[in-house]
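Student: Next up is a structure, given as structure tokens.
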Amino acid sequence: MQLKPIALALIAFGAAGFAQANDNSRIAQLEAQLKAMQAQIEELKKVQKEEITQLQDQVTAQGKEAVVIGDLPNSYRLANSDVSIRLYGIAEANLVHETRGSNADSDYSTFMPYAPLNGSNEANRRGQTYMHARTSRLGVEAAMPTAYGQLTAKIEGDFNNDPRTGNSAVYGSLSNIYTQQATNSYDFRLRHAYVQVGSWLVGQTWSSFMDVDATPEVVDFNGPIGSTFIRQPQVRYTYVTPNYGNFTAAIENSVSYVLEKKAGEDPAATKNGFSRTPDLILRWDKPFTWGTLSLRGVTHEHRIDNGDSIDASRRGYGLAASGTYKPTGDDTLSFIATGGEGIGRYFNYIEGAAYNATNNSIAMERAAGLVLGYQHKFSDTLRMNLAYGMQRNFNNAYTDLALTQGFGGGRFGVNRRVSQMHVGGIWNPIKFVDIGAEWIYGQRETLIGEKGEMSRLNLMARYNFN
Numbered sequence: 001m002q003l004k005p006i007a008l009a010l011i012a013f014g015a016a017g018f019a020q021a022n023d024n025s026r027i028a029q030l031e032a033q034l035k036a037m038q039a040q041i042e043e044l045k046k047v048q049k050e051e052i053t054q055l056q057d058q059v060t061a062q063g064k065e066a067v068v069i070g071d072l073p074n075s076y077r078l079a080n081s082d083v084s085i086r087l088y089g090i091a092e093a094n095l096v097h098e099t100r101g102s103n104a105d106s107d108y109s110t111f112m113p114y115a116p117l118n119g120s121n122e123a124n125r126r127g128q129t130y131m132h133a134r135t136s137r138l139g140v141e142a143a144m145p146t147a148y149g150q151l152t153a154k155i156e157g158d159f160n161n162d163p164r165t166g167n168s169a170v171y172g173s174l175s176n177i178y179t180q181q182a183t184n185s186y187d188f189r190l191r192h193a194y195v196q197v198g199s200w201l202v203g204q205t206w207s208s209f210m211d212v213d214a215t216p217e218v219v220d221f222n223g224p225i226g227s228t229f230i231r232q233p234q235v236r237y238t239y240v241t242p243n244y245g246n247f248t249a250a251i252e253n254s255v256s257y258v259l260e261k262k263a264g265e266d267p268a269a270t271k272n273g274f275s276r277t278p279d280l281i282l283r284w285d286k287p288f289t290w291g292t293l294s295l296r297g298v299t300h301e302h303r304i305d306n307g308d309s310i311d312a313s314r315r316g317y318g319l320a321a322s323g324t325y326k327p328t329g330d331d332t333l334s335f336i337a338t339g340g341e342g343i344g345r346y347f348n349y350i351e352g353a354a355y356n357a358t359n360n361s362i363a364m365e366r367a368a369g370l371v372l373g374y375q376h377k378f379s380d381t382l383r384m385n386l387a388y389g390m391q392r393n394f395n396n397a398y399t400d401l402a403l404t405q406g407f408g409g410g411r412f413g414v415n416r417r418v419s420q421m422h423v424g425g426i427w428n429p430i431k432f433v434d435i436g437a438e439w440i441y442g443q444r445e446t447l448i449g450e451k452g453e454m455s456r457l458n459l460m461a462r463y464n465f466n
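All letters in the sequence shown, in the order written, are residues 1 to 466 by the working numbering.
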């Protein structure tokens with residue numbers, strides 16, 4: 001009976017030993033499998049590292065060749081540089097049909113101050129039709145970050161320059177005709193060339209006395225009479241405040257435009273014009289939820305000096321107020337009011353001053369003008385534009401001198417009043433393309449009461465790139 005427990009114990013011991021032997025075998029197998037897996041993992045790591053290195057090399061190579069978006073809208077960044085470059089421009093063609101009072105002997109665009117007087121041969125030349133592409137434009141803009149803020153530079157020009165005559169007439173001389181006879185070649189001319197960083201701008205661009213934002217959109221290149229249209233070299237500083245608007249001070253290029261009437265000749269700017277000081281302009285602008293408002297003032301010198309017996313000087317001034325108002329999202333109203341005595345070229349297309357040889361003095365013109373604009377957007381692709389402009393001269397020593405010396409009348413005489421209106425629309429049938437049509441009508445009256453008028457139809461097709 002005692003053998004039975006002993007036998008059972010021996011059986012159990014043998015079974016345990018057998019189980020332990022099996023466990024050792026399984027552990028050895030697992031260790032072998034683990035080593036094999038570790039070897040495979042190391043091999044995968046090696047392969048993956050090589051693949052990652054190859055991918056990194058590919059990305060680096062592609063990055064060097066890829067076009068990187070710049071800081072300016074629609075710009076790209078130069079390789080290995082912080083400089084952003086934007087190329088832009090327009091390709092534009094115009095067709096003009098004059099229905100009354102041909103203006104093409106002085107300008108391809110409207111120029112009401114010299115519109116032909118009623119009854120003259122020029123006024124009888126009706127129905128002139130011509131085409132041009134001289135308003136096509138090219139420009140390049142660059143920007144880069146600096147410790148003083150973003151630095152921006154722009155150079156822009158168009159082809160609105162006759163290579164042979166240096167003017168903008170369509171006819172009036174053989175040179176104008178020769179230009180159009182075969183190639184219609186026009187010279188490239190400078191519009192803008194400036195650098196801007198922080199609050200400073202140095203170079204040529206729109207005068208600080210001009211409110212570009214309040215100028216109505218029209219098809220005609222010159223636009224309505226009665227405001228400012230000047231680009232010139234300048235040094236400008238703008239102080240920006242969050243609540244009180246922007247305050248601007250600028251000194252700008254000065255040119256003394258003084259009329260002189262010689263016997264048997266039309267009045268013309270004297271060649272003895274002389275400038276000693278730059279023009280000074282002060283300006284305030286403020287945006288509102290309903291639109292914008294701007295106030296401006298300018299003072300500049302009228303001087304002539306021939307280095308001998310002629311030396312006269314007067315200081316002229318001008319004031320302007322302008323703004324925009326948006327009663328709805330689809331409608332925009334704008335106005336520009338300008339005036340002054342001796343304001344001269346800061347009031348587009350008036351003479352400004354005249355030389356009185358009798359007492360070696362300069363008489364300054366006193367004038368005021370108004371431009372009104374309205375735009376309605378029927379859709380994202382169709383808009384209508386209405387614009388009206390006028391200017392008027394007031395009696396003073398300047399008008400007395402003009403009447404006394406005989407340039408208060410005639411084709412190129414001083415005007416009492418000038419006005420013109422534009423009615424047109426612009427359609428965008430496809431992206432970047434503008435198709436425009438506009439009817440323009442204008443009137444003038446000289447100091448002695450002579451009258452002239454002009455009307456024309458202007459069709460335009462334009463492609464805007466970038």
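Glycine included, every Cβ here is placed at the ideal spot set by N, Cα and C.
Small disclaimer: the values here were computed from a predicted structure and weren't measured.
Comparing alpha-carbon positions, which option in Arg126, Gln33, Val423, Phe209 lies nearest Val219?
Tutor: On the sequence shown, position 219 is the one that residue 219 refers to. The shortest Cα separation from Val219 among Arg126, Gln33, Val423, Phe209 belongs to Val423.
Student: Just how far apart, CA to CA, sit Leu10 and Asn24?
Tutor: For the purposes of this step, residue 10 is identified with residue 10 of the sequence shown, where counting begins at 1. For the purposes of this step, residue 24 is identified with residue 24 of the sequence shown, where counting begins at 1. Interpretation of Leu10 is limited by its pLDDT of 49, a score under 50 that renders its predicted location unreliable; the figure taken from the coordinates is listed afterwards. Going by the C-alpha atoms only, they are around 21 Å apart.
Student: Check for me: the beta strand (DSSP E) holding Tyr317 runs from which residue to which?
Tutor: Counting from 1 along the sequence shown, the entry for residue 317 is found at position 317. Where Tyr317 is concerned, the enclosing beta strand (DSSP E) stretches over 311 to 328.
Student: Relative to the alpha-carbon of Gly297, which residue among Glu351, Gly340, Arg191 has its alpha-carbon at the smallest distance?
Tutor: Reading the sequence shown from its first residue, position 297 is the one you call residue 297. Nearest of Glu351, Gly340, Arg191 to Gly297, Cα basis: Gly340.
Student: Closest by CA to Val197, which one among Glu156, Pro242, Ala143?
Tutor: For the purposes of this step, residue 197 is identified with residue 197 of the sequence shown, where counting begins at 1. Comparing Cα positions, the closest option is Ala143.
Student: Would you list the one or two residues that DSSP bridges to Pro242?
Tutor: Numbered from 1 along the sequence shown, position 242 holds the residue referred to as residue 242. In the DSSP output, where bridge partners are listed per residue, Pro242 has none listed.
Student: Relative to the C-alpha of Ala437, which residue among Ile430, Ser185, Glu217, Phe111 is closest?
Tutor: Position 437 of the sequence shown, counting from 1, holds the residue named residue 437. For the residues Ile430, Ser185, Glu217, Phe111, the minimum Cα distance to Ala437 belongs to Glu217.
Student: My parser needs the alpha helix (DSSP H) runs of 4 or more residues fully inside the region 370 to 447; what are they?
Tutor: 397 to 405
Student: Suppose only complete runs of 3+ residues qualify. What are the beta strand (DSSP E) ranges in the region 178 to 261, listed by chain order?
Tutor: 189 to 197, 200 to 206, 231 to 241, 245 to 252
Student: Return helix, strand or coil for Thr289, following the three-state DSSP convention.
Tutor: Position 289 of the sequence shown, counted from the first residue, corresponds to residue 289. If DSSP states are grouped into helix, strand and coil, Thr289 belongs with coil.
Student: Can you grab the Cα-Cα spacing for the pair Asp311 / Glu92, in whole Å?
Tutor: Locating residue 311 in the sequence shown gives position 311, where the first residue counts as 1. Locating residue 92 in the sequence shown gives position 92, where the first residue counts as 1. Computed Cα separation, rounded: 46 Å.
Student: Output needed for Ile448: all residues of its chain with C-beta closer than 6 Å, excluding positions within five of it in sequence on either side, in chain order.
Tutor: To locate residue 448, count along the sequence shown from 1; it is residue 448. Contacts found: Gly408, Gly409.
Student: Put Thr110 into one of helix, strand or coil per three-state DSSP.
Tutor: For the purposes of this step, residue 110 is identified with residue 110 of the sequence shown, where counting begins at 1. Of the three classes helix, strand and coil, the one that applies to Thr110 here is coil, per DSSP.
Student: Please report the residue range of the beta strand (DSSP E) in which Glu122 lies.
Tutor: Here residue 122 refers to the residue found at position 122 when the sequence shown is read from its first residue. In this chain, Glu122 is not harboured by any beta strand (DSSP E); it is covered by the alpha helix (DSSP H) spanning 121 to 124.
Student: Can you tell me whether Leu72 is helix, strand or coil according to DSSP?
Tutor: Numbered from 1 along the sequence shown, position 72 holds the residue referred to as residue 72. Leu72 falls in the coil class under three-state DSSP.
Student: Report back the beta-carbon spacing between Thr238 and Phe209 to the nearest angstrom; my notes put them in contact at under 8 Å.
Tutor: In the sequence shown, the residue the question calls residue 238 occupies position 238. In the sequence shown, the residue the question calls residue 209 occupies position 209. Incorrect: roughly 14 Å between the Cβ atoms, too far for contact.
Student: Helix, strand or coil: which one does DSSP assign to Leu459?
Tutor: Position 459 of the sequence shown holds residue 459. Strand.
Student: Is the beta carbon of Asp279 closer than 9 Å to that of Ile251?
Tutor: Reading the sequence shown from its first residue, position 251 is the one you call residue 251. Reading the sequence shown from its first residue, position 279 is the one you call residue 279. Yes, they are a contact pair.
Student: Across the region 351 to 358 and the region 317 to 334, are there enough close Cβ pairs to call them in contact, namely three or more that are closer than 8 Å?
Tutor: no
Student: Since Asn393 and Arg416 should fall inside the 8 Å C-beta cutoff, what is the C-beta to C-beta distance between them, to a whole number of angstroms?
Tutor: Walking along the sequence shown from the start, residue 393 turns up at place 393. Walking along the sequence shown from the start, residue 416 turns up at place 416. 6 Å between Cβ atoms; contact.
Student: Is the separation between the beta-carbon of Ile225 and that of Gln391 shorter than 9 Å?
Tutor: Indexing the sequence shown from 1 puts residue 225 at position 225. Indexing the sequence shown from 1 puts residue 391 at position 391. Contact flag set, yes.
Student: Return the first residue and the last residue of the beta strand (DSSP E) that Pro145 is part of.
Tutor: Residue 145 sits at position 145 when you count from the first residue of the sequence shown. Per DSSP, Pro145 belongs to the beta strand (DSSP E) from 137 to 146.
Student: What three-state label does DSSP hand Tyr355 in the structure shown?
Tutor: In the sequence shown, the residue the question calls residue 355 occupies position 355. Tyr355: strand per DSSP, three-state reduction.
Student: Are the beta-carbon atoms of Phe188 and Asn161 separated by less than 9 Å?
Tutor: Reading the sequence shown from its first residue, position 188 is the one you call residue 188. Reading the sequence shown from its first residue, position 161 is the one you call residue 161. Cβ atoms of Phe188 and Asn161: closer than 9 Å.
Student: Compute the beta-carbon to beta-carbon distance between Gln405 and Lys261, rounded to the nearest angstrom, for a pair I have assumed lies under 8 Å.
Tutor: Stepping through the sequence shown from its first residue, residue 405 is reached at position 405. Stepping through the sequence shown from its first residue, residue 261 is reached at position 261. 4 Å between Cβ atoms; contact.
Student: Does the Cβ of Asp158 have 16 or more other Cβ atoms within 10 Å, making it buried, or fewer, making it exposed?
Tutor: Within the sequence shown, residue 158 is the residue found at index 158, counting from 1. It counts as buried.
Student: Going straight from the alpha carbon of Arg236 to that of Met364, what length do you get?
Tutor: What you label residue 236 is simply residue 236 of the sequence shown in a count that begins at 1. What you label residue 364 is simply residue 364 of the sequence shown in a count that begins at 1. Distance between the alpha carbons of Arg236 and Met364: 27 Å.
Student: Could you check which residue in Thr183, Asn428, Ile350 has the C-alpha nearest to that of Ser379?
Tutor: As a working note, residue 379 is residue 379 in the sequence shown. With distances taken between Cα atoms, Ser379 lies closest to Asn428.
Student: Rounded to whole angstroms, what is the Cα-Cα separation between Gly264 and Val414?
Tutor: In the sequence shown, the residue the question calls residue 264 occupies position 264. In the sequence shown, the residue the question calls residue 414 occupies position 414. Cα to Cα, Gly264 sits roughly 17 Å from Val414.
Student: Sort out for me which residues DSSP pairs Glu451 with in a bridge.
Tutor: Position 451 of the sequence shown, counting from 1, holds the residue named residue 451. Note on residue identity: the sequence assigns Lys, not Glu, to residue 451. Lys451 pairs with Glu445.
Student: Let me confirm a value: Ile426 is counted as buried when at least 16 other C-beta atoms fall within 10 Å, else exposed. Which label applies?
Tutor: Stepping through the sequence shown from its first residue, residue 426 is reached at position 426. Ile426 should be labelled buried.
Student: Assuming contact is defined by CB atoms lying nearer than 9 Å, are Thr446 and Ile336 in contact in what I supplied?
Tutor: Walking along the sequence shown from the start, residue 446 turns up at place 446. Walking along the sequence shown from the start, residue 336 turns up at place 336. Cβ atoms of Thr446 and Ile336: not closer than 9 Å.
Student: Could you spell out where the beta strand (DSSP E) holding Glu98 opens and where it closes?
Tutor: For the purposes of this step, residue 98 is identified with residue 98 of the sequence shown, where counting begins at 1. Counting along the chain, the beta strand (DSSP E) containing Glu98 begins and ends at 84 to 100.
Student: Give me the Cα-Cα distance between Ala133 and Phe288, rounded to the nearest whole angstrom.
Tutor: Against the sequence shown, residue 133 aligns to sequence position 133. Against the sequence shown, residue 288 aligns to sequence position 288. Their Cα atoms are separated by approximately 38 Å.
Student: Find out if the Cβ-Cβ distance for the pair Leu190, Glu156 is shorter than 9 Å.
Tutor: The residue labelled residue 190 in the question sits at position 190 within the sequence shown. The residue labelled residue 156 in the question sits at position 156 within the sequence shown. Cβ distance < 9 Å, so Leu190 and Glu156 count as in contact.
Student: Buried or exposed: where does Gly149 fall if 16 or more other Cβ atoms within 10 Å of its Cβ makes it buried?
Tutor: Position 149 of the sequence shown, counted from the start, is the residue given in the question as residue 149. Looking at its Cβ environment, which holds fewer than 16 other Cβ atoms inside 10 Å, Gly149 is exposed.
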